[in-house]
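Engineer: Position 55, counted from 1, in the sequence shown is what the numbering used here calls 71; the numbers after and before it change by one each time, with no gaps.
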Amino acid sequence: AKILEDCGMQAIAVHGRTRAQGYGGEADWDVIDAVARAVKVPVIGNGDITCGEDLVKRKNGTAVSGVMIGRAAMQNPWVFREAKHYLETGEVLPEIHVSERWELVLRHCRLAVDSGRNGNEKQTLTAMRSRLMAYCKGFPGAKELRQMLCQVSSVAEVEGLAEFSLQKQVVLSDL
């Protein structure tokens with residue numbers, strides 16, 4: 017970090033995992049803190065920030081100038097809204113309802129297909145499968161949904177799964 021600072025870097029982002037760890041284990045915020053204390057330039061810490069509470073804990077518990085949200089946004093795009101609300105109020109927002117989550121999934125699918133960047137609809141949905149499966153974390157019947165989402169090739173199929181999921185949600189809430 018000192019070398020980067022000496023080379024004129026204006027800020028440094030530090031992810032608290034080694035390459036060998038990949039996505040496993042926990043981010044080492046002690047290392048991130050040590051880097052922040054060793055240099056004068058702003059240090060932005062990253063790793064295991066999944067909500068506003070995590071953000072505040074890491075910002076207040078270390079010498080970092082900022083905290084970055086990364087992978088958590090891939091399965092929970094609302095994490096930024098939740099974090100902002102927590103920073104402003106100290107309150108945790110209620111969990112996003114499954115219907116709102118499906119609205120975002122479908123909007124994402126339609127926008128991706130309409131953009132035409134990945135080719136035709138089938139190619140686009142094939143490219144989106146891992147993202148769609150990540151969105152389903154916490155859905156009722158998530159395991160079953162992921163198995164079906166890894167085979168979709170059209171927006172209509174995703175719409176059908178959304179309808180199936182929402183009907184299942186209604187049935188579960190009636191129990």
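By construction, the Cβ of each residue, glycine as well, lies at the ideal position given by its N, Cα and C atoms.
Cβ of L122 within 8 Å of Cβ of V174?
Structural biologist: In this structure, V174 lies closer than 8 Å to L122 by Cβ.
Engineer: Name the DSSP beta bridge partners of I60, please?
Structural biologist: Note: I60 sits in a beta bridge opposite A29 and G82.
Engineer: Taking C-alpha atoms, which residue in A158, I19 and P93 lies nearest to T66?
Structural biologist: Nearest of A158, I19 and P93 to T66, Cα basis: P93.
Engineer: Ordered along the chain, which non-local residues of its own chain (more than five positions away) have a Cβ less than 6 Å from that of L177?
Structural biologist: Excluding residues within five positions, the ones whose Cβ falls inside 6 Å are M164.
Engineer: Answer with buried or exposed for D46, where buried requires no fewer than 16 other C-beta atoms within 10 angstroms of its C-beta.
Structural biologist: The residue in question, D46, is exposed, as its Cβ has fewer than 16 Cβ neighbours within 10 Å.
Engineer: With DSSP collapsed to three states, give me the class of G176.
Structural biologist: Note: G176 maps to helix in three-state DSSP.
Engineer: Have a look at E21 and Y151 and give me their C-alpha separation to the nearest angstrom.
Structural biologist: Cα to Cα, E21 sits roughly 38 Å from Y151.
Engineer: From Q91 to T34, what does the alpha carbon distance come to, in whole angstroms?
Structural biologist: Distance between the alpha carbons of Q91 and T34: 22 Å.
Engineer: Would you call the CB atoms of V72 and K18 closer than 8 Å?
Structural biologist: No, these two residues do not count as a Cβ contact at 8 Å.
Engineer: Rounded to whole angstroms, what's the CA-CA distance from C23 to A88? Just pull it up for me.
Structural biologist: C23 and A88: Cα-Cα distance of roughly 32 Å.
Engineer: Looking at C-beta atoms only, is the number of pairs between the stretch 130-146 and the stretch 94-109 that lie closer than 8 Å three or more?
Structural biologist: Taking 8 Å as the limit for Cβ pairs, the verdict is that the stretch 94-109 does not touch the stretch 130-146.
Engineer: In this structure, does DSSP put Q37 in helix, strand or coil?
Structural biologist: Three-state result, Q37: coil.
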